[in-house]
């Protein structure tokens, strides 16, 4: 009856979310944003490209789209609005770029479904 909760694979889900939270709190996300700005920050729409690159890198480490949105959105949406982007556009770019998380391994879906 309780065999579902002692599954080793299901322990990975909260650990992925914890990893995303730790990366956000430790400043790794901010450093990753600064690093991405070196490559694409100068071109037109660069901050939107930075958003996509950071989401791809974090998604490959976190594995969950919701955690990726929380980590990237809390930093980049206010930064994009301050840089002159509309808030709805900034939010849309963040949400859409976080959907790549379940595709890049090791994602939660790949771990659970094998």
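In my numbering, the protein residues as written are 120 to 233.
Where is the CB? At the ideal position from N, CA and C, for every residue including glycine.
Rounded to the nearest angstrom, what separates residue 154 and residue 184 at their Cα positions? For the purposes of this step, residue 154 is taken as residue 35 along the chain shown, with counting starting at 1. For the purposes of this step, residue 184 is taken as residue 65 along the chain shown, with counting starting at 1. For residue 154 and residue 184, the gap between their C-alpha atoms comes out near 21 Å.
Relative to the alpha-carbon of residue 186, which residue among 216, 169, 152 has its alpha-carbon at the smallest distance? The count along the chain shown starts at 1 and reaches residue 186 at position 67. The shortest Cα separation from residue 186 among 216, 169, 152 belongs to 216.
Check for me: the alpha helix (DSSP H) holding residue 203 runs from which residue to which? The residue labelled residue 203 in the question sits at position 84 within the chain shown. Counting along the chain, residue 203 falls outside any alpha helix (DSSP H), and DSSP gives it neither H nor E.
Here's a check: name, in chain order, each residue in its chain whose Cβ is nearer than 7 Å to the Cβ of residue 174, leaving out the five neighbours to either side. Here residue 174 corresponds to residue number 55 of the chain shown, with the count starting at 1. These residues qualify, in order along the chain: 187, 191, 216, 217, 219.
If you draw a straight line from the C-alpha of residue 201 to the C-alpha of residue 166, how long is it? One-based indexing of the chain shown puts residue 201 at position 82. One-based indexing of the chain shown puts residue 166 at position 47. Residue 201 and residue 166: Cα-Cα distance of roughly 11 Å.
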